[in-house]
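Student: Numbering (this note's numbering), first residue to last: 1188 to 1463. Would you mind keeping the following structure in view while I ask a few things?
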Amino acid sequence: MHLAVGPLTPRNARAAAAAFGSDPVPPGEGTVDLLDLLDPPYADPADAHRRLALLERRLVRAGDRRAVFLTVYGAVTAQVRRELAAERFRDPAWVADYLTAFANRYRTALLAYERSRRDRVPGSWLLAFDAAISGETLVTQDAVLGINAHVTHDLALALTDVGIDPRPARRADHDAVNAVLASLVDVEQALLASRYAPGLADLDAAGGRLDERLAFLTLAEGRDWAWQCAVALADRGPAVDRAVRWLLETVARGAGRLILQPPPDQFAALERAEEG
């Protein structure tokens, strides 16, 4: 399966947005209160997809740049649901629980932030939310800050939430998600171009590097890091548990700071593209 749209142009950016931007929210559900969207835990992947889409819609209408990460995450959630329906995993029930637990990690971080409980928000999410609200970041930075927080910090904890045994089967399904994510890198770029920064559609031709930065979500190394942390959390006892959780927090927060302060030349092409 290969879902990439190739070198981006305004035409195929729109095509990708149309293919992956289908709205799972019925008409008339766009007025749900933000805290009501966040407070009940997601029950299953369909519930998570619907409510994430509602949340994205509300944030877009409010001009809130926290919507940017949700645009990327919505495409991922939709495609993993498609793969579940197509029975592409060894244990679909476990993958469904995994997808739901992962989404709930994001939900609880944003809920704590909205309730002004900053002490309960992981540091990498604080950086991402604060930066998006400031309006001083690039669209691409907003996307990558959210990806970093969700993958570098949340993924190992979501695996811990659902359990990783029996490990050969669980690892196989964990790795199968990698292929789904790898297929979406160009689609994610197209969605960001069509919804937020049309100039990004010309970025490949200009030699830009958005693909490589969004691809952190899909890299086997990044997801292997999460798996190894989940193994340590499962096997090594309370002292190691505390150390691993500290490591997840520290590494994700440090990576977020680097994203916020990239070498000037690395984001120059992105800035020009977003300005159109």
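Glycine included, each C-beta is placed from N, C-alpha and C at the ideal position. If you're wondering where the values come from, they're calculated on a predicted model, not measured in any experiment.
State the Cα-Cα distance for the pair Arg1248 and Leu1241, rounded to the nearest angstrom.
Tutor: Locating residue 1248 in the sequence shown gives position 61, counting from the first residue. Locating residue 1241 in the sequence shown gives position 54, counting from the first residue. In a straight line, the C-alpha of Arg1248 is about 11 Å away from that of Leu1241.
Student: Runs of 3 residues minimum, wholly inside the region 1224–1251: which ones carry the beta strand (DSSP E) assignment?
Tutor: Runs of the beta strand (DSSP E) inside the region 1224–1251: none found.
Student: Buried or exposed: Gln1415, going by 16 or more other Cβ atoms within 10 Å of its Cβ?
Tutor: By 1-based counting over the sequence shown, the position of residue 1415 is 228. So Gln1415 ends up on the exposed side.
Student: Under the three-state reduction of DSSP, which class applies to Ser1321: helix, strand or coil?
Tutor: Counting from 1 along the sequence shown, the entry for residue 1321 is found at position 134. In the structure shown, Ser1321 sits in a helix (DSSP, three-state: H, G or I).
Student: Below 8 Å, how does it come out for the region 1307–1323 and the region 1262–1276: are there three or more Cβ pairs, yes or no?
Tutor: No: the two stretches stay apart, fewer than three of their Cβ pairs being nearer than 8 Å.
Student: For Gly1350, name the three-state secondary structure that DSSP assigns.
Tutor: Along the sequence shown, one-based indexing puts residue 1350 at 163. Coil, per DSSP.
Student: Out of Asp1348, Arg1294 and Val1259, which one is the CA nearest neighbour of Ala1330?
Tutor: In the sequence shown, counting from the first residue as 1, residue 1330 sits at position 143. For the residues Asp1348, Arg1294 and Val1259, the minimum Cα distance to Ala1330 belongs to Val1259.
Student: Starting from Glu1375, trace the alpha helix (DSSP H) both ways and give me its first and last residue.
Tutor: Taking the first residue of the sequence shown as 1, we reach residue 1375 at position 188. Counting along the chain, the alpha helix (DSSP H) containing Glu1375 begins and ends at Val1372 to Arg1382.
Student: Check each candidate in Ala1336, Val1255 and Pro1228 and name the one with the smallest Cα separation from Leu1298.
Tutor: To locate residue 1298, count along the sequence shown from 1; it is residue 111. Taking only the C-alpha atoms, the option nearest Leu1298 is Pro1228.
Student: Taking the alpha carbon of Asn1365 as the reference point, which residue from Arg1382, Ala1254, Ala1384 and Val1282 has its own alpha carbon closest?
Tutor: By one-based count along the sequence shown, residue 1365 stands at place 178. Ranking Arg1382, Ala1254, Ala1384 and Val1282 by Cα distance to Asn1365 puts Val1282 first.
Student: Please classify Gly1250 as buried or exposed, where buried requires at least 16 other C-beta atoms within 10 Å of its C-beta.
Tutor: Against the sequence shown, residue 1250 aligns to sequence position 63. So Gly1250 counts as exposed.
Student: Tell whether a beta-carbon distance below 9 Å holds between Glu1243 and Ala1254.
Tutor: As a working note, residue 1243 is residue 56 in the sequence shown. As a working note, residue 1254 is residue 67 in the sequence shown. In this structure, Ala1254 lies closer than 9 Å to Glu1243 by Cβ.
Student: Consult DSSP for Val1338 and reduce its assignment to one of helix, strand or coil.
Tutor: Reading the sequence shown from its first residue, position 151 is the one you call residue 1338. Residue state, collapsed to three classes: helix.
Student: Would you call the CB atoms of Ala1356 and Asp1284 closer than 9 Å?
Tutor: Along the sequence shown, one-based indexing puts residue 1356 at 169. Along the sequence shown, one-based indexing puts residue 1284 at 97. No.
Student: Since Ala1380 contacts Ala1290 with CB under 8 Å, what's their CB separation in whole angstroms?
Tutor: Residue numbering aside, residue 1380 sits at position 193 when the sequence shown is read from its first letter. Residue numbering aside, residue 1290 sits at position 103 when the sequence shown is read from its first letter. In fact, because the Cβ distance is near 25 Å, the residues do not count as touching under 8 Å.
Student: For Leu1342, tell me which candidate among Ala1363, Leu1434 and Ala1417 has the shortest Cα-Cα distance.
Tutor: As a first step, residue 1342 must be located in the sequence shown, where it is residue number 155. Ranking the options by Cα distance to Leu1342, first place goes to Ala1417.
Student: Quick one: Cα of Leu1224 to Cα of Gly1409, how far?
Tutor: As a first step, residue 1224 must be located in the sequence shown, where it is residue number 37. As a first step, residue 1409 must be located in the sequence shown, where it is residue number 222. If I take the Cα positions, the gap works out to 30 Å.
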